[in-house]
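What follows is a short report on a single structure.
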């Protein structure tokens, strides 16, 4: 069936303004996608090479990895052009261009540019990079509206999912899995960002049982007692008005560029927060309150027991101290304005749009890729499942928008295998297992920290499974009922 102009218009009409920062409604939101896949050989290569001195760098220059990377994108282009000639309705783009460059780690990256018939329109860019064990797509920004179009879902399935599978690969759970991000502008109104974080604290099952599995890449906000307490405190500060510009002072570009002055204030005047909808005041005051909150979350909450925290070191590309907090179920590292440095490459973001240093901090200053990342998403074996997970999250946010000010739940049965996991083990006669875990943890902490952290602190994921195994069947059943019941309340 030939593609009609009306077919194309339905996909392209949003391209004119979906990037505009002042368009904060969901119909103008965008999504970033990062599904990953692997081969048996890529896993074996990483396991072997990363154990040798200099092996990690050599892995990213390995002939097999680079050759496979090229093979995937070339096969995608070939498959697209074949189906385009057949007139398939999901082949909406006029042509496909293949390119390559270096990513932020100076690792070779392949790119596919899907161009519209109107060359003035922004093309869809699909990048393919190398990651430990895996190959990772980076597809952003994509208008959220496209995910409601069956043809785009089929486009993802036919080319980005089926091609790797036909080449003998499987979609990977490790190193990100099926994480995605949402435009930051979309959660900078009302109290939406705050309520999403509160909901994540109330629903640890999303990051451990339902949408993801317990792993340090996407560590749950409620994984340890100190971590949960840090999030709880910052939420209390928010609702007390301690991030409002009338409490901390008017924010300017200088605050963002130098990453300072975001609060929270020790005290705040009464009346700065509406319990029903968040910060009071004009659009700028609301934005500044939420931006200050988000930047403080990054350092004061995400940064408490994130995944791999022991490995933080200036010389570790993936574990720099200013990056380590990203290993969380939600990540605000990319809540940035034009002129700031890219969190990985250090390049100036949107340099031509960098504001005056004393310019008031405003929504319009956000960098074009400012986002709120949802990392607690395991891999999806089909594009339809991936899109369903994204839209489930988006519809949950829409629900929160209509029902703001989420109240924190003090105690959950799941806490027995999260912050109270050590106590659970002790309660059920697991002292021997606990001592074994402590010995292993001390060794791991010393190795990971280059000898700096001499502690028997145990990874929460190890405690999660050890405490779960120690529970009697009845208590496991009670937790399982809570997990399913909680998920049904958030998805219903």
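Residue numbers (the working numbering): 14 to 505.
Here a beta-carbon is modelled for each residue, glycine too, at the ideal position from N, C-alpha and C.
Please read all numbers here as calculations on a predicted model, not as lab measurements.
With 16 other CB atoms within 10 Å as the buried threshold, where does residue i fall?
i, result
"residue 72", "buried"
"residue 133", "exposed"
"residue 463", "exposed"
"residue 345", "buried"
"residue 18", "Unreliable positioning characterises residue 18 in this predicted model, as indicated by a pLDDT of 48, which lies under 50. A coordinate reading is not provided."
"residue 502", "exposed"
"residue 155", "buried"
"residue 60", "exposed"
"residue 177", "buried"
"residue 416", "exposed"
"residue 302", "buried"
"residue 478", "exposed"
"residue 158", "buried"
"residue 209", "buried"
Between which two residues does the alpha helix (DSSP H) containing residue i stretch?
i, result
"residue 154", "Note, residue 154: premise wrong, no alpha helix (DSSP H); beta strand (DSSP E) at 147 to 156."
"residue 97", "76 to 98"
"residue 268", "266 to 271"
"residue 167", "163 to 168"
"residue 195", "Here residue 195 belongs to no alpha helix (DSSP H); instead the beta strand (DSSP E) covers 193 to 196."
"residue 177", "175 to 179"
Per DSSP, residue i forms a beta bridge with which residues?
i, result
"residue 109", "127"
"residue 24", "None; residue 24 has no bridge partner."
"residue 354", "361"
"residue 291", "287"
"residue 122", "114"
"residue 49", "149"
"residue 373", "265"
"residue 344", "386"
"residue 43", "156"
Just to confirm the assignment, what range does the beta strand (DSSP E) spanning residue i have?
i, result
"residue 513", "Look at the range of the chain in this structure, 14 to 505, and you will see that residue 513 is not part of it."
"residue 419", "From DSSP, residue 419 is part of no beta strand (DSSP E); its letter is neither H nor E."
"residue 386", "384 to 387"
I'd like to check one pair, residue j with residue i: are the Cβ atoms closer than 8 Å?
i, j, result
"residue 44", "residue 160", "yes"
"residue 495", "residue 425", "yes"
"residue 340", "residue 306", "no"
"residue 473", "residue 421", "no"
"residue 144", "residue 389", "no"
"residue 484", "residue 471", "no"
"residue 377", "residue 363", "no"
"residue 124", "residue 109", "no"
"residue 383", "residue 347", "yes"
"residue 202", "residue 337", "no"
"residue 445", "residue 480", "no"
For my contact list, residue i and residue j are in at a C-beta cut-off of 8 Å; report their separation, rounded to the angstrom.
i, j, result
"residue 414", "residue 205", "6 Å"
"residue 237", "residue 318", "5 Å"
"residue 36", "residue 193", "About 20 Å; that fails the 8 Å criterion."
"residue 297", "residue 375", "6 Å"
"residue 207", "residue 248", "6 Å"
"residue 166", "residue 396", "6 Å"
Cβ-heavy atom distance between residue i and the ligand GTP below 7 Å?
i, result
"residue 136", "As far as ligands go, the structure on display features none, and thus does not contain the ligand GTP."
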